[in-house]
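Taken in sequence, the protein lines are chains C and L. According to numbering that gives the first Met the number 0, the stretch in the first sequence is residues 0 to 184, in order. According to numbering that gives the first Met the number 0, the stretch in the second sequence is residues 0 to 184, in order. Just so it is clear, CB atoms sit at the ideal spot from N, CA and C, and this is done for glycine as well. First up is the structure itself, then whatever we jot down about it.
2 protein chains.
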Amino acid sequence: MAILAGDALQTQAYEVLSRLQCPAEARVKIVAEIARATGTVNGMIGGQVVDLEAEHTKPTAEMLEYIHRSKTAALITASLVSGGLFAGAKDGEVAHLRAFGLAIGLAFQIVDDVLDITQTSQQLGKTAGKDTASEKVTYPALIGIDASLKKADALVNDAFAELKSFGEQAETLKELARFLVERKK
Amino acid sequence: MAILAGDALQTQAYEVLSRLQCPAEARVKIVAEIARATGTVNGMIGGQVVDLEAEHTKPTAEMLEYIHRSKTAALITASLVSGGLFAGAKDGEVAHLRAFGLAIGLAFQIVDDVLDITQTSQQLGKTAGKDTASEKVTYPALIGIDASLKKADALVNDAFAELKSFGEQAETLKELARFLVERKK
């Protein structure tokens, strides 16, 4: 029943997308975007498979970025791009949203893994230290906490750069990016 | 991994549909059609849930038809309707394809359940008698073999009637319907 419920929710998503109140051309692009982001190549399922296979191994930074890009950044990116497509964004604007999403997605995951080490369970509101206990592959484990935080900062700066052409319209997205690196839980 | 593979195939289907070589409006309709046919309300997943819940109970003919309609006929219908939409069929033509699909889908399942009783494993090429052994809900169990075969014949006649307006173009579909009730395995 749990598997059927999962399958049903996945199917339901596409039924909802097919009824969006925007031109059919945009709806089709959004379907493709969500399908790729959840799929096997650079998508969430592909990332999860590589993550499972990487458990208890010593993965490279390249593999780690693939996992974060696919498991975390892909869906954040798809959300941003889908919103843009729904609102009628031009190709160039969609490209900026995509690059912004990738950067904050990677930054989000790095900060998440750092907080798992530096914060207490009480501060996080969930069990801290789980990654170390389960030998999960993370940036802090691979390059240390300081280098990880520097990488997250650099990614957020990259993200900001992608928003320049949107001007004040992008203020909410900027706040979101800032929140991702400054949050303490 | 098996669950991820299933999720991946489901997602992949929509990625493929989004790239079909037909107008975006038709592609969106096909996405909606497939999503509904595999979904919870009158779709394959809904039918499977009711089927699981009906095991070892004494279900009504109404519930049995819901299961067959959802688990078997929905996907056959979606295949026919999607082909029609892809080829640019008009609303009226799509309605005929839909009614044809429902009728042959129900007939297919009835014949399948009859063969499970009347044929040997060797004739079927798979284990016969499985439905009876597992107390599966079937038409033969509910109304007997003769009444079941009559119902299948009536459904195929209904199906033929839906094809009238297509003339000779529908010859392949007619052959398909005939095969479904005349097959011995």
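Taking the alpha-carbon positions, what's the residue i to residue j distance?
i      : j      : result
C/G5   : C/A77  : 20 Å
L/I103 : L/Q121 : 26 Å
C/D112 : C/Q9   : 28 Å
L/V80  : C/D130 : 49 Å
L/E134 : L/K70  : 18 Å
L/I44  : L/F107 : 19 Å
L/C21  : C/A86  : 23 Å
C/E32  : L/R26  : 14 Å
C/I109 : C/I66  : 12 Å
L/M0   : L/A23  : 34 Å
L/D50  : L/G38  : 14 Å
C/L123 : C/R182 : 10 Å
L/V136 : L/E54  : 7 Å
L/E170 : L/D157 : 15 Å
L/T56  : C/Q11  : 29 Å
L/L63  : C/A88  : 48 Å
C/R18  : C/A7   : 17 Å
Assuming residue i contacts residue j under a Cβ cut-off of 8 Å, what Cβ separation, rounded to an integer in Å, is found between them?
i      : j      : result
C/A72  : C/L96  : Wrong, their Cβ atoms sit about 13 Å apart, outside the cutoff.
L/L114 : L/R68  : Contact flag wrong, Cβ pair sits at about 20 Å.
C/L162 : C/L172 : 6 Å
Taking the continuous alpha helix (DSSP H) assigned at residue i, which residues delimit it?
i      : result
C/Q20  : Unbroken run through C/Q20: none, as it is neither H nor E.
L/M0   : L/M0 -> no alpha helix (DSSP H), and no H or E assigned at all.
C/T171 : E170 to E181
C/R97  : D90 to T117
L/S147 : I144 to L162
C/F85  : A73 to F85
L/V136 : Taken as a continuous stretch (DSSP letters only), L/V136 belongs to no alpha helix (DSSP H), as it is neither H nor E.
C/E52  : M43 to A53
L/E61  : A60 to H67
Please state if the CB of residue j and the CB of residue i are separated by a distance shorter than 8 Å.
i      : j      : result
C/A98  : C/L74  : no
L/I2   : L/L16  : no
C/A151 : C/V180 : yes
C/I116 : C/I144 : yes
L/G83  : L/E92  : yes
C/S34  : L/E14  : A small correction: the amino acid at residue 34 of chain C is Ala; Ser does not occupy that position in the sequence shown. Result yes, Cβ atoms of C/A34 and L/E14 sit closer than 8 Å.
L/A176 : L/F159 : yes
L/Q118 : L/A132 : no
Going along the chain, which residues of the region 22–34 of chain L sit with their C-beta nearer than 7 Å to a C-beta in chain C? Answer in chain order: A23, E24, R26, V27, V30, A31 and A34.
Any C-beta of chain L within less than 9 Å: which residues of the region 62–74 of chain C qualify? Contact annotation: in the region 62–74 of chain C, no residue has its CB less than 9 Å from a CB in chain L.
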